[in-house]
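For reference, the structure is listed below as structure tokens.
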Amino acid sequence: MFLIRRSFKIQQGKAREAAEIITQIGRGYESLDQRRPVRVYLSGTTVPGPADTVYMEWTEEALMSAYREGNEAPDWLLDLFGKLEKIQISTEIEFFEMYSGQ
605 MFLIRRSFKI
615 QQGKAREAAE
625 IITQIGRGYE
635 SLDQRRPVRV
645 YLSGTTVPGP
655 ADTVYMEWTE
665 EALMSAYREG
675 NEAPDWLLDL
685 FGKLEKIQIS
695 TEIEFFEMYS
705 GQ
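Everything in the sequence shown is counted per my numbering, starting at 605 for the first residue and increasing by one.
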């Protein structure tokens with residue numbers, strides 16, 4: 605099992621707006637059965653951490669290419685990414701192997 609975390613550095617003062625868009629993106633992937641349930645959280649506003657940063661994380665049984673056959677993104681999902689791109693400075697993705705104790 606793997607934990608995948610994508611972080612988004614956002615323009616100053618736009619983190620909550622970005623968090624809403626990122627939540628919609630995550631729910632969109634869930635509705636298409638392309639992603640397990642996601643968690644979205646942010647730092648640098650009311651809690652310590654990197655300023656204006658939003659995170660989305662989820663788990664997967666296996667790591668697979670986002671460009672695999674049959675993994676198409678509908679236009680409405682691409683539109684959400686377009687909105688996010690307007691306020692996003694950068695993005696990174698991290699992969700972690702979940703420890704099961706065995």
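Glycine included, every Cβ here is placed at the ideal spot set by N, Cα and C. The structure displayed is predicted, hence computed values, not measured ones.
Reduced DSSP category for ILE614 - H, G, I as helix; E, B as strand; rest coil: strand
query: Roughly how many angstroms separate the alpha carbons of TYR697 and SER611, rounded to a whole number?
result: The identity of residue 697 in the sequence shown is Ile, whereas the question assumes Tyr. Taking the straight line from one Cα to the other gives about 6 angstroms.
message: Check for me: the beta strand (DSSP E) holding GLN692 runs from which residue to which?
response: 692-701
- request: Assuming ALA623 contacts LEU646 (C-beta within less than 8 angstroms), just tell me the rounded distance between them.
  value: 5 angstroms
- prompt: Does the segment 632-648 touch the segment 686-693, meaning 3 or more C-beta pairs lie closer than 8 angstroms?
  reply: no
- request: Count the other C-beta atoms from every protein chain shown that fall within 10 angstroms of the C-beta of LEU607, then say buried if there are 16 or more, exposed otherwise.
  value: exposed
- request: My understanding is that MET660 touches ILE626, with C-beta atoms under 8 angstroms, so please give their C-beta distance in whole angstroms.
  value: 5 angstroms
message: THR657 and LYS613 - do their beta-carbons sit closer together than 9 angstroms?
response: yes
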